[in-house]
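Student: Residue numbers (the working numbering): 0 to 469.
Backbone N, C-alpha and C fix where the C-beta goes; we use that ideal spot for every residue, glycine too.
Dropping a structure here in structure tokens format, bear with me for questions.
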């Protein structure tokens, strides 16, 4: 079979050349679309279920939220681990699946179970939601919002700009899974109830909550017809100022006199209870944002899209506020690519020089050296097929000596045979001499290359973190 393949390749060399060129073009295309990152992503297939319950202590969070979710997820197929964390006001349940399970299929399974478990958790305690489709390497871009040198902006204002202007626009970038906000103060309309006044009017805290909730919404009233025209009816009740909240009627008092919210409480503009702060260079408080990349996306491409969007956002920011980036994954990726490129170029040059010295034939040296880029292009095709990203581990571990071993033996024997044929003035043509030289070493070279390849086969048996790393 090996001899037949050699004879076919020499006789149909034009066809073989066309196949090689076609594969090279396919390799170039796949190389351009190959996901590039600094290091391989070793995160397992997992789905997070997050539930915010601001009023509950850790023990109640565990009993009333975390435990029902854990029980419902235990019977899912291909689940290897279910772990959870219960904190004040937050339940986080992580469901880990086998590595061969598709992420979106895993989320579909979790969503089906969540639809059932939500009926067991009171709506007032919080609604379980799945976390973003991201991984531990998802943080690709970080920025800060801060006032300019001549502007005075309080942390609450900066956080409002972040949540309502910057974050919403960045969430529309293709490949972005989530944008997390840190620092500042989240603006609130607060109803500060006076217990003594509640008692005097015979009201409870539930009455205040119910009145504000039911009167703080817009409703539709369908339409009415008048003289051949339709008029759409709208009920505008959504409060937009503290005065509007203060003027909400809680109940009718004696003799039909209404009791307003302002009669039993002070309505003010405040902020949520803070859990921390973000400072910049010791110059004052700022607001920070972290852009999370969608799992499986090309980090370099997503960062470029994010940076392009940031340029547009800069034009929409209020006066006195600026957005400054302080972490950019593309910088690390570019340095990694530069390291890999320098290693590849230096290795290829050394191989060509050594071959030129050993073979003494520059055409033979270039022919052997052509195996290096062709092997890389063919590898790019396989990497895309098997969804392996290009990183420092997968590209930086190329061994040029092993790649050109077989080609060196074949080319060296061919040059030797051609030299002998010229000295003897043999009437045998060059094509026959080349075929004879290739046939002489064809089988030994194939077996030698196979032995080298067999050495790497155990790597394919690695699973988990080791398999993703190597």
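Return the chain-ordered list of same chain residues with a C-beta closer than 7 Å to the C-beta of residue 364, the five sequence neighbours on each side being excluded.
Tutor: Contacts found: 351, 354, 355, 358.
Student: Could you give the C-beta distance for residue 116 and residue 71, rounded to a whole number, given that I count them as a contact under 8 Å?
Tutor: 4 Å
Student: Taking only three categories from DSSP, how would you classify residue 10?
Tutor: helix
Student: To the nearest whole angstrom, what separates the beta carbons of residue 231 and residue 217, a pair I think is in contact under 8 Å?
Tutor: Their Cβ separation, rounded to whole angstroms, is 12 Å, which puts residue 231 and residue 217 out of contact at 8 Å.
Student: In three-state terms, what does DSSP make of residue 271?
Tutor: Residue 271 falls in the coil class under three-state DSSP.
Student: In or out: residue 187 buried (at least 16 other Cβ within 10 Å) or exposed?
Tutor: exposed
Student: Considering residue 52, what are the terminal residues of the beta strand (DSSP E) in which it resides?
Tutor: Element bounds for residue 52: n/a, residue is neither H nor E.
Student: Under three-state DSSP, which class holds residue 242?
Tutor: helix
Student: Can you tell me where the alpha helix (DSSP H) with residue 0 in it begins and where it stops?
Tutor: First-last for residue 0: undefined, no H or E at that position.
Student: Out of 113, 45, 284, which one is the CA nearest neighbour of residue 99?
Tutor: 45
Student: I'd like to know if the segment 154-161 and the segment 105-116 are in contact, where contact means that at least 3 CB-CB pairs between them fall below 8 Å.
Tutor: no
Student: Would you mind working out which of 145, 6, 0 sits nearest residue 281, comparing C-alpha positions?
Tutor: 145
Student: Report the partner residues of residue 96 according to the DSSP bridge assignment.
Tutor: Residue pairing from DSSP places residue 96 in a beta bridge opposite 78.
Student: How about residue 142 and residue 348: are their beta carbons less than 9 Å apart?
Tutor: no
Student: Among all the DSSP beta bridges, which residues are the ones paired with residue 179?
Tutor: 289
Student: Which residues does DSSP pair with residue 91 in a beta bridge?
Tutor: 49, 84
Student: Buried or exposed for residue 12, please, with buried defined as at least 16 other CB atoms from any protein chain shown within 10 angstroms of its CB.
Tutor: exposed
Student: With DSSP collapsed to three states, give me the class of residue 152.
Tutor: Coil.
Student: Measuring only the C-alpha atoms, how far is residue 267 from residue 277?
Tutor: 25 Å
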